[in-house]
Structure formats: C-alpha cells, structure tokens
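Sequence positions in the sequence shown follow this note's numbering and run 12 to 188.
What follows is a single structure, written as structure tokens, with notes after it.
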Amino acid sequence: MSVIWMQWIGSGSVVAGTASLGSRLAARYRDRPRELRELTTVLRALAAEITYARTPLVQALTRAGSSVPRPGVIRQFAQGAASDLKLPGAVLEVVWRTRVTQELAESSLTNEDLEIVNGLARTIGQTGVEEQTGALMAAIALLLDREREATAERSQYARLYVTLGVLAGVLIVVLLW
Numbered sequence: 012m013s014v015i016w017m018q019w020i021g022s023g024s025v026v027a028g029t030a031s032l033g034s035r036l037a038a039r040y041r042d043r044p045r046e047l048r049e050l051t052t053v054l055r056a057l058a059a060e061i062t063y064a065r066t067p068l069v070q071a072l073t074r075a076g077s078s079v080p081r082p083g084v085i086r087q088f089a090q091g092a093a094s095d096l097k098l099p100g101a102v103l104e105v106v107w108r109t110r111v112t113q114e115l116a117e118s119s120l121t122n123e124d125l126e127i128v129n130g131l132a133r134t135i136g137q138t139g140v141e142e143q144t145g146a147l148m149a150a151i152a153l154l155l156d157r158e159r160e161a162t163a164e165r166s167q168y169a170r171l172y173v174t175l176g177v178l179a180g181v182l183i184v185v186l187l188w
C-alpha cells in the first residue's frame, strides 16, 4: 500500500515540476510585452525631460524611472543608471551599457531588444538635444514594433508552454508506470 502512495506522490511531483518549468518558460512570453511598454515609457519620459525641461541627466533618469507605474527591472535600470552617474568619474556610455547587461539581462527582453537600448549609449548625454531626441524617438519606434511582435508571440506561445509542461509530466509518469 505504501508503494502505491509513493508512486502517486512521485507522479504528482513530476507533473508539478514539469508544469512549473512550462510556466516559467511561458512567463517570459507573458512579461516581455509589459517590459517593452515600460521601457518605452521610460524612454519617452527621458526624451521629454531632455527636450522640454532640459533637466540634467541624473535627474532626468531618476524621473524617467519614476514614470514606470510599478517597481521592477525597468525602473531599477533607470534609477540605477542615475545613481551610478552620481559616482565620481562615471561615464554615461559605460554606466548605460553596464546597467543594460546587469539589470535588463535579467528581464524577459530578447538580445535584439537589448541592442536597441544599448545603441542609445552612444547618443544620450553626448550629443545635442535634437540628436538625443531623434535617437530616443527612433528607439521608441523600434521598441513599439517589438512590443507588437511580443504581443503576438505571447498569445501564440504562452499557453503552449504551459500545456507542454503538463503534458511532458504526464508522459514521463506514463512511461515510468
């Protein structure tokens, strides 16, 4: 009798584990459109601070990070870059690229998304207002296209990974019994 219970507990554990793995894979597809939206919000706020308010970059990044409605990796990225820029000898391009690799690499963003953000390191704070605004608007347009793609992928793949996780667990249990 105890062997049967052990088999049931083991089977449940296998199905729960594979379902959890499927859910984690699906979460990347679910989170990416939201993170892209938050990133475009930060970049729009940064463009407004640079263009209209002529705010110093540290304050502009802090305010842009605060424009994200919920705490998360995107807010940490902007506010972390602002705090790093306060350090003596900080160079914006280095700080920006470091924050992209540290903070945003932990997000659901793809490498192509990160390259768009990384490309801003060459212009933000180093060129004129018009060039910075143009670069920010170009990046925003690209990220909006990526968000549309991510939304389509989310509807296509998120449920698929959850279902595959459960089905893989059931298959493993059937093969082991």
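From the three backbone atoms N, C-alpha and C, an ideal C-beta is built for every residue, glycine too.
Whole-angstrom distance between glycine 91 and alanine 56, CA atom to CA atom: Mapped onto the sequence shown, residue 56 falls at position 45. Mapped onto the sequence shown, residue 91 falls at position 80. It is roughly 16 Å from the alpha-carbon of alanine 56 to the alpha-carbon of glycine 91.
Straight-line gap, glutamate 141 to isoleucine 61 (C-alpha atoms, nearest Å): For the purposes of this step, residue 141 is taken as residue 130 along the sequence shown, with counting starting at 1. For the purposes of this step, residue 61 is taken as residue 50 along the sequence shown, with counting starting at 1. Those two C-alpha atoms are separated by around 9 Å.
Exposed unless 16 or more other CB atoms sit within 10 angstroms - verdict on tryptophan 107: Sequence index remark: in the sequence shown, residue 107 carries index 96 (1-based). Sixteen is the threshold: when 16 or more other Cβ atoms of the shown chains lie within 10 Å of the Cβ of tryptophan 107, as they do, the residue is buried.
Contained beta strand (DSSP E) runs [length at least 3] in the region 67–93, N- to C-terminal order: Segments of the beta strand (DSSP E) lying fully in the region 67–93: there are none.
Closest Cα partner of serine 119 within the set Val14, Glu49 and Leu131: As a working mapping, residue 119 is identified with position 108 in the sequence shown. The shortest C-alpha separation from serine 119 is found at Glu49.
Nearest to alanine 150 (by Cα), restricted to the options Trp16, Glu123, Leu171 and Glu114: Counted from its first residue, the sequence shown places residue 150 at position 139. Selected option, being the one with the closest Cα: Glu123.
Own chain partners of alanine 93 with C-beta closer than 6 Å, once the 5 adjacent residues on each side are dropped: Position 82 of the sequence shown holds residue 93. So the qualifying residues of the chain are Val69, Leu72 and Thr73.
Between the CA atoms of valine 26 and isoleucine 135 - distance to the nearest angstrom: Position 124 of the sequence shown holds residue 135. Position 15 of the sequence shown holds residue 26. If you take the alpha carbons of isoleucine 135 and valine 26, they lie about 49 Å apart.
For arginine 65, the three-state DSSP class (helix, strand or coil): On the sequence shown, position 54 is the one that residue 65 refers to. Arginine 65 falls in the coil class under three-state DSSP.
Coil, strand or helix - threonine 121 by DSSP: The residue given as residue 121 occupies position 110 in the sequence shown. If DSSP states are grouped into helix, strand and coil, threonine 121 belongs with coil.
Between the CA atoms of alanine 30 and threonine 112 - distance to the nearest angstrom: By 1-based counting over the sequence shown, the position of residue 112 is 101. By 1-based counting over the sequence shown, the position of residue 30 is 19. If you take the alpha carbons of threonine 112 and alanine 30, they lie about 30 Å apart.
Under the three-state DSSP convention, the category proline 99 falls into: As a working mapping, residue 99 is identified with position 88 in the sequence shown. Residue state, collapsed to three classes: coil.
Alpha-carbon to alpha-carbon, arginine 65 and leucine 6: The chain is shown only over 12 to 188; residue 6 falls outside these bounds and no answer can be derived.
Meets three-Cβ-pair contact criterion under 8 Å: the region 150–162 and the region 171–187: Too few Cβ pairs lie closer than 8 Å, so no.
Helix, strand or coil at threonine 134 according to DSSP, with G and I counted as helix: Taking the sequence shown and counting its residues from 1, the one referred to as residue 134 is at position 123. In the structure shown, threonine 134 sits in coil (DSSP, three-state: anything other than H, G, I, E or B).
Presumed contact (8 Å Cβ cut-off) between glycine 76 and valine 53, rounded CB distance: Counting from 1 along the sequence shown, the entry for residue 76 is found at position 65. Counting from 1 along the sequence shown, the entry for residue 53 is found at position 42. Contact between glycine 76 and valine 53 holds, since their C-beta atoms are separated by about 6 Å, short of 8 Å.
Buried/exposed call for glycine 33, threshold 16 Cβ in 10 Å: Along the sequence shown, read from residue 1 onward, the residue named residue 33 stands at position 22. It counts as buried.
Three-way DSSP call (helix, strand, coil) for glutamate 114 in this model: By one-based count along the sequence shown, residue 114 stands at place 103. DSSP places glutamate 114 in coil when its eight states are reduced to three.
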